Amino acid sequence: MKNKYWIAFSSIEQIDSKFIQRLFNYFGNIELAFNADLNELKNIEGLSVKKAENFLKYRDKVDIDRTYTNVETRGINFLTLEDENYPKMLKNIENPPAVLYYKGKLFECNLEKTLAVVGSRKASTYARDNLKKIISGLGNTDICIVSGLASGIDTVAHTAAIENNLKTIGVIASGFDYIYPTSNKTLYQNIENGYGAVVSEYYPTFEPMKFRFPQRNRIVSGLSYGTLVAEASLRSGALITANLTLEQGRELMCIPGEISNPNTEGIYKLLKNGATIVTESDDILNALNWEVKIENPQQQLTLPMLTPDEERIFENLQIEEKGVDELLTLTGLKLDDLLMNLTTMELKGIIKQYNGDRYKKV
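Taken in order, the sequence shown gives residues 11 to 372; the numbers are from my numbering.
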């Protein structure tokens, strides 16, 4: 069975997808490629003898049947470059994964409307809130959100997708034996159990090594028709993904951030170089020329009846969050009255408190 040889190749940590594809393209048969001897490998143009010898050294240690069984017993599905169902957008990149492992319901995700979302692991509240708002505008459609299941913006993207009835694909930088970060264990499980799929190019036992995260980024952008950057410093993984997006000929979009935040320096560099600015969900639909059908539209939320004092407070929170001292000055209310109204408005669900004494509208 040819799939065993794809898995066997994938289980060798010392080689990569480019190497596997080079051999497969030369021999035209994955079994012949895996069992090639040194003399046959020497005939492959551009393949060094050293690389060939290194491959043979590790290949001879592989137990093909056991390697395949290890994947099956873990309940992991997979696609190879020979599979008809291999995602076409991913197959079109320069270096697609030779094997794509996945858990969950990959084919319940609409692979014709995939949007990558990337950004800082230490995302600001401003960026998180803006991203939630934009994803909520895509809610109840057939768009699929793709991200890297890391902390920060990735977590917000996947969570907001689930909360807004969207499918989501998480691309991880390790095999399925590892969950990184561990704080996202529940999110992993939610995605696998009906909200989309978790995918990886790595054999289940491969650890989340540092160099694997940039490699993972090409899959995030490669699965997607466009990439939305929510927040990024000048030296960040999100900027790597942005550059990969352009190399892959996909649409690059950015959410503008506060110019005083160092994590937005990368955003403004990309915008100056021609990335599409996104301030609302329609900007994404226009950039990608997507028409969407809302499947289960939610009822428009209406504000509860507000007292005159509550209206005054709410008006001052329309643009940005504010602290108690600022609200005292802007509303002219006494401290006791202000605090009482803020508590009532929280109970009504129209504002929320965070970072101590700061408030923002919901």
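The beta carbon of each residue, even a glycine, is placed where N, CA and C say it ideally should be.
Just so it is clear, the structure is predicted and the values come from calculations on it, not from any experiment.
Burial state of aspartate 164 (16 or more Cβ within 10 Å): Position 154 of the sequence shown, counting from 1, holds the residue named residue 164. Buried, because 16 or more other Cβ atoms sit within 10 Å of the Cβ of aspartate 164.
Rounded to the nearest angstrom, how far is the Cβ of lysine 12 from that of glutamate 41, given a contact under 8 Å? Mapped onto the sequence shown, residue 12 falls at position 2. Mapped onto the sequence shown, residue 41 falls at position 31. 6 Å between Cβ atoms; contact.
Give the straight-line distance between the Cα atoms of threonine 341 and glycine 206, rounded to the nearest whole angstrom. As a first step, residue 341 must be located in the sequence shown, where it is residue number 331. As a first step, residue 206 must be located in the sequence shown, where it is residue number 196. Approximately 46 Å, taken between the alpha carbons.
Exposure label - threonine 79; buried when at least 16 CB within 10 Å: In the sequence shown, residue 79 corresponds to position 69, counting from 1. Threonine 79 should be labelled exposed.
May I have the straight-line CA-CA distance separating valine 373 from phenylalanine 34, to the nearest angstrom? Here the chain has residues from 11 to 372 only, and residue 373 is not among them.
What residue from Glu211, Gly185 and Ser146 has the CA that sits closest to threonine 289's CA? As a first step, residue 289 is located in the sequence shown; it is residue number 279 there, counting from the start. For the residues Glu211, Gly185 and Ser146, the minimum Cα distance to threonine 289 belongs to Ser146.
I want to know whether the segment 115-124 touches the segment 260-267 - three or more CB-CB distances under 8 Å. no
In terms of alpha-carbon separation, which member of Asp335, Asp70, Ile155 and Ala183 lies closest to phenylalanine 19? The count along the sequence shown starts at 1 and reaches residue 19 at position 9. If we check each option's Cα against that of phenylalanine 19, Asp70 comes out closest.
CA nearest to the CA of leucine 91, picked from Thr237, Phe223, Ile103 and Leu141: By 1-based counting over the sequence shown, the position of residue 91 is 81. Looking at the Cα atoms, Ile103 is the closest of the given residues.
Report the residue from Val239, Phe324, Leu348 and Glu268 whose alpha carbon sits nearest the alpha carbon of valine 334. Looking up residue 334 in the sequence shown gives position 324. Measuring from the Cα of valine 334, the nearest candidate turns out to be Leu348.
Does the beta-carbon distance from serine 243 to proline 224 come in below 8 Å? On the sequence shown, residue 243 is found 233 positions in, with the first residue counted as 1. On the sequence shown, residue 224 is found 214 positions in, with the first residue counted as 1. Contact flag unset, no.
Which residues does DSSP list as the beta-bridge partners of glutamate 241? In the sequence shown, the residue the question calls residue 241 occupies position 231. Gly129, per the DSSP bridge assignment.
Near leucine 57, which residues of its chain fall below 7 Å by C-beta distance, leaving aside the five closest residues on each side in sequence? Within the sequence shown, numbered from 1, the residue matching residue 57 stands at position 47. Here the set comprises Arg32 and Leu51.
Note down the Cα distance separating glutamine 361 from proline 106, rounded to an integer number of angstroms. Here residue 361 refers to the residue found at position 351 when the sequence shown is read from its first residue. Here residue 106 refers to the residue found at position 96 when the sequence shown is read from its first residue. Looking at the sequence shown, residue 361 is not glutamine but isoleucine. Distance between the alpha carbons of isoleucine 361 and proline 106 is about 46 Å.
Please tell me whether serine 291 and threonine 255 are closer than 8 Å, where the distance is taken between their beta carbons. Counting from 1 along the sequence shown, the entry for residue 291 is found at position 281. Counting from 1 along the sequence shown, the entry for residue 255 is found at position 245. Not closer than 8 Å, so no.
Alpha carbon to alpha carbon, how far is glycine 162 from leucine 311? Give it in angstroms, no decimals. The count along the sequence shown starts at 1 and reaches residue 311 at position 301. The count along the sequence shown starts at 1 and reaches residue 162 at position 152. Low per-residue confidence applies at leucine 311: pLDDT is 44, beneath 50, and the placement is therefore not dependable, though the value from the model is reported in the following sentence. Those two C-alpha atoms are separated by around 28 Å.
Identify every run of the beta strand (DSSP E) within the segment 223-269, keeping only runs that are complete inside it and at least 3 residues long; order them along the chain. 236-241 and 261-264
Can you tell me which of the three DSSP states lysine 123 falls into? Taking the first residue of the sequence shown as position 1, residue 123 is located at position 113. Residue state, collapsed to three classes: coil.
Return the bridge partner residues of threonine 178 from the DSSP annotation. Here the question's residue 178 lines up with position 168 in the sequence shown. Per DSSP, Ile155 and Gly206.
Take tryptophan 300 and list the residues in its own chain whose beta-carbon comes closer than 7 Å to its own, dropping the five residues that flank it on each side. Counted from its first residue, the sequence shown places residue 300 at position 290. Here the set comprises Lys123.
Quick check: the Cα distance between isoleucine 201 and leucine 110, rounded to an integer number of angstroms? The residue you call residue 201 lines up with position 191 of the sequence shown. The residue you call residue 110 lines up with position 100 of the sequence shown. When the Cα atoms are used, isoleucine 201 and leucine 110 turn out to be separated by approximately 17 Å.
Report the option in Asn150, Ile229 and Tyr112 whose CA atom is closest to the CA atom of glycine 185. In the sequence shown, the residue the question calls residue 185 occupies position 175. For glycine 185, the nearest C-alpha among the options comes from Tyr112.
For glutamine 24 and isoleucine 179, what's the separation of their Cα atoms in angstroms? Position 14 of the sequence shown holds residue 24. Position 169 of the sequence shown holds residue 179. Between glutamine 24 and isoleucine 179, the C-alpha separation is close to 27 Å.
For the putative contact between alanine 240 and valine 127, defined by C-beta atoms under 8 Å, what is the C-beta separation to the nearest angstrom? Here residue 240 is taken as the residue at index 230 of the sequence shown, counted from 1. Here residue 127 is taken as the residue at index 117 of the sequence shown, counted from 1. Rounded, the Cβ-Cβ distance is 6 Å, consistent with contact.
If you count every other CB in all the chains shown that lies within 10 Å of the CB of proline 318, and 16 or more means buried, which is it? Here residue 318 is taken as the residue at index 308 of the sequence shown, counted from 1. Answer is exposed; the Cβ neighbour count stays below 16.
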